[in-house]
Structure formats: structure tokens, C-alpha cells
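Per my numbering, the sequence shown starts with residue 21, numbered consecutively.
The C-beta atom is built at its ideal place from N, Cα and C for all residues, glycine as well.
Here's the structure we're looking at; comments come further down.
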Amino acid sequence: MLRYLSRIALSSALLCTPMYWTQLSWAQAAGEATLTGKVVDASTKEGIRKATVLAMRNSQAGRGRQSAFTPPEQFSVKTDESGTFRMTGLPAGDYFLTADRQGYLAAELGARSSVSAKAGQEVAAPELKLVRQGVIAGRVVDAEGEPVEFVSIQAIPAGGNTAGMLMRGGVSATTDDRGEFRMARLTPGSYRLLAAPGHRLNATPLGGQDQEPAMLDAPTYFPGSLEESAAAKIPVGSGEERTGVEIRLQRTAVVRVSGRVDGDFPRDVPVPVALQPLGSQLGVSPGLRIGRFGSTHSGTANAEGAFVIANVMPGEYVITANSHNRGQSHSAFAKIRVGQQDVENVQLHMQPPGRIVGHVSGDGGGKGPSQPFHIGLQASETGMPGGAGAMVKPDGTFVMENVVRSRMRLLPTAPNGWYLKSVLVGNQPIQGKEFDLAGPETRLELIFSDQPGAVEGTVRGGEGKSAVLLVPDGNEGAPPQGQWFKNILAEGEQGKFQIDSVAPGSYYVVACPPSAVQMLSDPSVWAKLKEKATRVTVEEKKAATVSLRAVQLEDLEEK
């Protein structure tokens, strides 16, 4: 016991000696790194004091394959009076940096621009630029000018504005008991405001005298329109606060949607029927629409298949019926347009799901791609339900079960060095990649070629990084995001790029800032990009070469 206590005393004495601490500090420093940098105002270039800088490091890097996900290590520090920061004692590794400050929008260095911190070294990070937030504040009133509580407000970036860069799902707010709202953290740009009252859908609004239609406050665009095309745009600059905005809710008739569900399906259990606003999923719906805040209306078909759904506002909807009984599934769906009068005699024909049996082969009957890849399906008509997917097995076969029976579009992810050359449905070739899934089982034959073409070239005028979009000629509306664009990193004044495994055909190719890709759901953005795009023709085993000038964000703004 005495010997054990003496060892503790000796260890304690060593810990108290200056020499020990000097050696310990040197040992720690040898395995640690330091990051320095500065956070500045994007407009004035002045340093921002008391900004929070967060450094995140993947703790699994370099440790081999892990069986479970481990959250990244995080370290934070505040900037000083001049906006500079210094992080010490960091484990060596690659870091993803973000900065934030009240009144500003968060800034970050992308993963491809991460900072590499080496043990025992001090590394200077690139400047983190923060943009001052914009603010829109105002109130919502009803037709009589009375304030309305619990109204959801969303700021929708006007077509082609740069606000989509950091919105990530939009900015929204809810009115208080005075009908007032305030939306902060808006990026500079122009916005349309949409106000959607929170109705109790189970409550039945009563009509007026002489059986006038029942009326409800409808989702309304600023200053007081049911149509997005008539909405006024509110420009917001960096650090600007737009106040005094008033939205006057418009009233609209609410109607009934009725019809019948038929088909061979179990009738002993009620079948739910639902109306899903088309705009609530896509953010875009032509003509009359209830906007992004529309709620799902529902009803139930009785034993005879009859259903009635009340309190439906004007707009475009997808109406669905689904039955899951005794291990069997049946479904039906259709698009309907609701106006100012009741919609009657909607017919929904219930069908069991379909099955797809497929096979992949090479051009000329040879063997197709050997590496695993995915075949996907989605409904060809925008907003309609349906979709499936399957991995191709080593023998080239794939199976998709329980697929909604409708018109489908193939989404094959061809392995590098291959492209989808043709499609056979039931041994019959089809044009394009769309087909009807009409019967209980559909057989597909997908023929791939290992002689794709490529598109390569340079981008001038891009600020560091550009996105190159390659879109098939004849594509209508917004291009398919994630399928035909590739980010590139500029090298000096000319950024080089190469897109491989391109199917032969005619394409538009254009370069733009990466933030513009987030705005492609707006058809007007793609229309502007298309005007500045270059047409190229891709042939098998050949690379089409183009020289592009990057489109600037200001070129996409609405004038």
C-alpha cells in the first residue's frame, strides 16, 4: 500500500514540474493543427465580429470501412473585433467550414473546397463571406380588412432570381393574433408572397341566401390575387427590410367532388379517396391553383363505390383511391381540375399492381454491363403517383413488384462506358423511354451499347466553379435535375470539363453558376439558359468539343 501511494506521489510531483508540462505541450502540438481565417461582409468586405465559425471533420476518414455511421467531429470559435478567427488544437484532417451571425445568411466552404489541416502546421482558410439577410414584414387581412391569425406565408423566389441559392425549401412565417408576420433570412432577390389560411377542413362553411355557393378565404398572392401570374414582386436587397406589406385574402367558392370507384376489389372495407393538390408537391400548377400550402382533402367510398369530398377549392388535383384488404392491393388515380362548380361523375377504376420482368443485354445480342447498376421508373406525367426500381443482377435480369399501372418513364443509370440504346416492351421496340404498364405483367428488354460518345470543352467567365448542363434536344419544360448536369471546377480563366457515357443524339450544353441549378424547377430559368446554350451532336465513340462562356446570375434575373 505504501509503495502504491509513493508512486502516486511521484506521478503527482512530475505533473507539477514545468519540464513535464513543456514536454506534454510539445507532444500535443506535434499531432495538432491550427486553422486561421476571416469572416467578412460580402458587400462591404469589412470583418464581422462575434461570428460563429464551425469546423466539421469526418472522424471516420482514413480508418477503413466502418459498420456504423459516426457523426463528424465539430469545433467552433468566435471571431474577434476584426472578424478574424484562430482554431487551435485540431486533429489533422479535412474540414468543412461554415460561418454564421445574427442578421446574416450562413456561409460555407463546399466539400470540394474543404480546408486540409496538417499536424503541427497553421493553415489559412479562404475568406468566409456572409450576406446580410433581407426581411419582409407585414400583415394579412380578410375581405373586410380584419386581421387574420394562423395564416401561413411563404416567400417564393420570382422566376430566375438568385434567391434560390440559399433558400433550401423557402422561407415561411405564420401570422400572429394581430395578423402580422415577419420573414427574415431572405437572400437578395425578388419574391412573390403566398398567404394560405389555416382552415378546419371538417367544418362545413354555409352558403348565403338562395343557396349561394359556400365561400372560404383562399390562398392569396400579394397584394390580393388568386393567380400567381397577377402577383406583385417584392424586391429585397442585401440588409434591406421591406415593411408595411399587406395581403388581402380573397374569398372563393368551395365545391364538392363526387364520383364512383369501380373495379374488381374487396367491397367489405371502405375505400379511402383523397385529393392531393398538384401544386403542393411541385410548387407549379397552371391556371387556378391552391398553391403550395394546399391540404389533402379526403373522403370514403361506400359499399357501392360512391364518394363525396366537400369544401374543395379551385385548383388542379390528383385524386387517388387505395384499397389494402386481405393481402390484396388495388389503386386508381386521375387528374381533375376544380373550378367554381361541383365536379361530378369522377370515375376511378381500381386495378391490382403490375409486375415488371426485365433483362439487360448488349448491342447485337452480346453481354451487357457487368457491374451492378440500378433501373428506375417514374410516372411519365408530372404529379401523378407511381414509381419503382430494381438492381440488375449479374445475369442481367431484374424484377419490379407492386408497380402502379400507368404510363411510365424509364430512368436507367447506365454504368460508366455504356448508354441505353433501345427498349423493347413485350418484344416490340418503342420510341423514347416511355411505355404503358397496362397488364398484370410487363416484359422489358433493355439494350445497352458500350460505345457512347462524350462532350468536352472549356468554360470562360466562370467564377471558380461552374455547372455544365447537358440537356437532350426536344426536352420540354425544366431539364431532369441530377441526370444531365455535371459540376466542374474552373482551372484559372478556363475551366475544363468532360462528360462521358453520353448517348448519341442532339443536345443543348450550357455553363452557369452552381446555384442556378437549384432554380431549374422554374421553367423561365431554363428558358433563359436555353437561349444562351450551344447545340452539339454526339456520335458513338466520338467526343463533341465546345467552348462555353458561363451565364451569370444577373442574366437569369427577371427584368
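Discussion item. If contact is defined by three or more beta carbon pairs under 8 Å, each pair taking one atom from either stretch, is the region 528-545 in contact with the region 478-493?
Written reply: yes
Item to complete: State whether the region 315-332 contacts the region 281-297, with contact taken as three or more CB pairs (one from each stretch) at a distance under 8 Å.
Response: With the cut-off at 8 Å, the region 315-332 and the region 281-297 touch.
Item to complete: For GLU70, count neighbouring Cβ atoms within 10 angstroms of its own Cβ and tell me buried if that reaches 16, exposed if not.
Response: Position 50 of the sequence shown, counting from 1, holds the residue named residue 70. For the sequence presented, residue 70 should be read as Lys rather than Glu. LYS70 is classed as exposed because its beta carbon has fewer than 16 other beta carbons within 10 Å across all chains shown.
Fill in: Element boundaries [beta strand (DSSP E), containing GLU336]
As a position in the sequence shown, residue 336 is number 316, starting the count at 1. GLU336: member of the beta strand (DSSP E) spanning 335-345, first to last residue.
Worksheet entry | Whole runs of the beta strand (DSSP E) within the region 246-282, excluding any shorter than 3 residues | For the region 246-282, whole beta strand (DSSP E) runs of length 3 or above, ordered along the chain, are 254-256, 261-268, 271-273 and 275-282.
Worksheet item: For PHE418, which of helix, strand or coil comes out of DSSP?
Response: Reading the sequence shown from its first residue, position 398 is the one you call residue 418. Strand.
Worksheet item: Does DSSP classify ALA571 as helix, strand or coil?
Response: By 1-based counting over the sequence shown, the position of residue 571 is 551. The question names Ala, but residue 571 is Val in the sequence shown. Coil.
Discussion item. Contact defined as beta carbons within less than 8 Å: I believe THR99 pairs with VAL59. What is the distance between those atoms, to the nearest angstrom?
Written reply: Here residue 99 refers to the residue found at position 79 when the sequence shown is read from its first residue. Here residue 59 refers to the residue found at position 39 when the sequence shown is read from its first residue. THR99 to VAL59, Cβ: 5 Å. Contact.
Discussion item. For GLY385 and ILE376, I'd like the C-alpha separation in whole angstroms.
Written reply: Numbered from 1 along the sequence shown, position 365 holds the residue referred to as residue 385. Numbered from 1 along the sequence shown, position 356 holds the residue referred to as residue 376. If I take the Cα positions, the gap works out to 21 Å.
Worksheet item: What are the boundary residues of the alpha helix (DSSP H) that SER544 is part of?
Response: Position 524 of the sequence shown, counted from the start, is the residue given in the question as residue 544. Unbroken alpha helix (DSSP H) run through SER544: 543-551.
Worksheet item: How long is the line joining the alpha carbons of ASP162 and ALA408, rounded to whole angstroms?
Response: The residue given as residue 162 occupies position 142 in the sequence shown. The residue given as residue 408 occupies position 388 in the sequence shown. Straight-line Cα distance between these residues: approximately 45 Å.
Worksheet entry | Straight-line gap, GLY382 to GLY388 (C-alpha atoms, nearest Å) | Here residue 382 refers to the residue found at position 362 when the sequence shown is read from its first residue. Here residue 388 refers to the residue found at position 368 when the sequence shown is read from its first residue. Cα to Cα, GLY382 sits roughly 4 Å from GLY388.
Fill in: Among GLY335, PHE353, ARG287 and ILE519, nearest to ASN345 - alpha-carbon criterion
Locating residue 345 in the sequence shown gives position 325, counting from the first residue. Out of GLY335, PHE353, ARG287 and ILE519, ARG287 has the C-alpha closest to the C-alpha of ASN345.
Item to complete: Would you verify that the beta carbon of ALA352 is, or is not, closer than 7 Å to some beta carbon of chain B?
Response: The displayed structure is made up of one protein chain only, and chain B is not part of it.
Item to complete: Can you give me the start and stop residues for the alpha helix (DSSP H) that ALA536 sits inside?
Response: Here residue 536 is taken as the residue at index 516 of the sequence shown, counted from 1. The continuous alpha helix (DSSP H) containing ALA536 extends over residues 534-537.
Item to complete: Could you pull out every residue in the same chain whose Cβ sits closer than 7 Å to the Cβ of VAL412, ignoring the five residues on either side in sequence?
Response: Residue mapping note: residue 412 aligns to position 392 of the sequence shown, counting from 1. Here the set comprises VAL380, PRO392, PHE393, ILE395 and PHE418.
Worksheet entry | Touch test, the region 462-469 against the region 435-442, Cβ-Cβ under 8 Å, three pairs minimum | With the cut-off at 8 Å, the region 462-469 and the region 435-442 touch.
Practice prompt. Quick one: residues in its chain with C-beta nearer than 7 Å to the C-beta of GLU260, no 5 flanking neighbours on either side, listed in chain order?
Written response: Locating residue 260 in the sequence shown gives position 240, counting from the first residue. In its chain, beyond the 5 residues on either side, GLY154 have a beta carbon closer than 7 Å to the beta carbon of GLU260.
Worksheet entry | Whole runs of the beta strand (DSSP E) within the region 101-134, excluding any shorter than 3 residues | Fully enclosed beta strand (DSSP E) runs of 3 or longer: 104-111 and 113-120.
Worksheet item: How would you write the range of the beta strand (DSSP E) that SER381 sits in, first residue to last?
Response: For the purposes of this step, residue 381 is taken as residue 361 along the sequence shown, with counting starting at 1. Here the beta strand (DSSP E) through SER381 covers 374-382.
Worksheet entry | Collapsed DSSP secondary structure at GLY319 in the structure displayed | Reading the sequence shown from its first residue, position 299 is the one you call residue 319. Strand, per DSSP.
Practice prompt. Flag this pair as touching only if the region 246-262 and the region 345-357 have three or more C-beta atom pairs under 8 Å; answer yes or no.
Written response: Output reads no: the region 345-357 does not touch the region 246-262.
Worksheet item: Which residue or residues does DSSP assign as beta-bridge partners of MET404?
Response: On the sequence shown, position 384 is the one that residue 404 refers to. Looking at the DSSP assignment, MET404 forms no beta bridge with any residue, so it has no partner.
Fill in: DSSP beta-bridge partners of LYS98
Within the sequence shown, the letter at position 78 stands for residue 98. In the DSSP output, where bridge partners are listed per residue, LYS98 has THR72.
Worksheet item: Taking the alpha-carbon positions, what's the LEU521 to THR433 distance?
Response: Within the sequence shown, residue 521 is the residue found at index 501, counting from 1. Within the sequence shown, residue 433 is the residue found at index 413, counting from 1. The residue you asked about is not Leu; residue 521 is Ser in the sequence shown. Between SER521 and THR433, the C-alpha separation is close to 11 Å.
Fill in: Alpha-carbon to alpha-carbon, GLU147 and THR2
This structure cannot speak to residue 2, because the chain is shown only from 21 to 579.
Practice prompt. Specify the secondary structure class of GLY154 as computed by DSSP and reduced to three states.
Written response: For the purposes of this step, residue 154 is taken as residue 134 along the sequence shown, with counting starting at 1. In the three-state reduction of the DSSP assignment, GLY154 falls in the strand class.
Worksheet item: Is it buried or exposed for LYS652, if we count other Cβ within 10 angstroms and need 16 for buried?
Response: Since the first and last residues shown for the chain are 21 and 579, residue 652 lies out of range.
Worksheet item: SER63 lies in the beta strand (DSSP E); which residues open and close that run?
Response: What you label residue 63 is simply residue 43 of the sequence shown in a count that begins at 1. Per DSSP, SER63 belongs to no beta strand (DSSP E) and is neither H nor E.
Worksheet item: How many angstroms separate the CA atom of GLN270 from the CA atom of THR240?
Response: Within the sequence shown, numbered from 1, the residue matching residue 270 stands at position 250. Within the sequence shown, numbered from 1, the residue matching residue 240 stands at position 220. Cα to Cα, GLN270 sits roughly 6 Å from THR240.
Fill in: Length at least 3, wholly inside the region 436-460: the beta strand (DSSP E) runs in chain order
For the region 436-460, whole beta strand (DSSP E) runs of length 3 or above, ordered along the chain, are 439-445 and 454-456.
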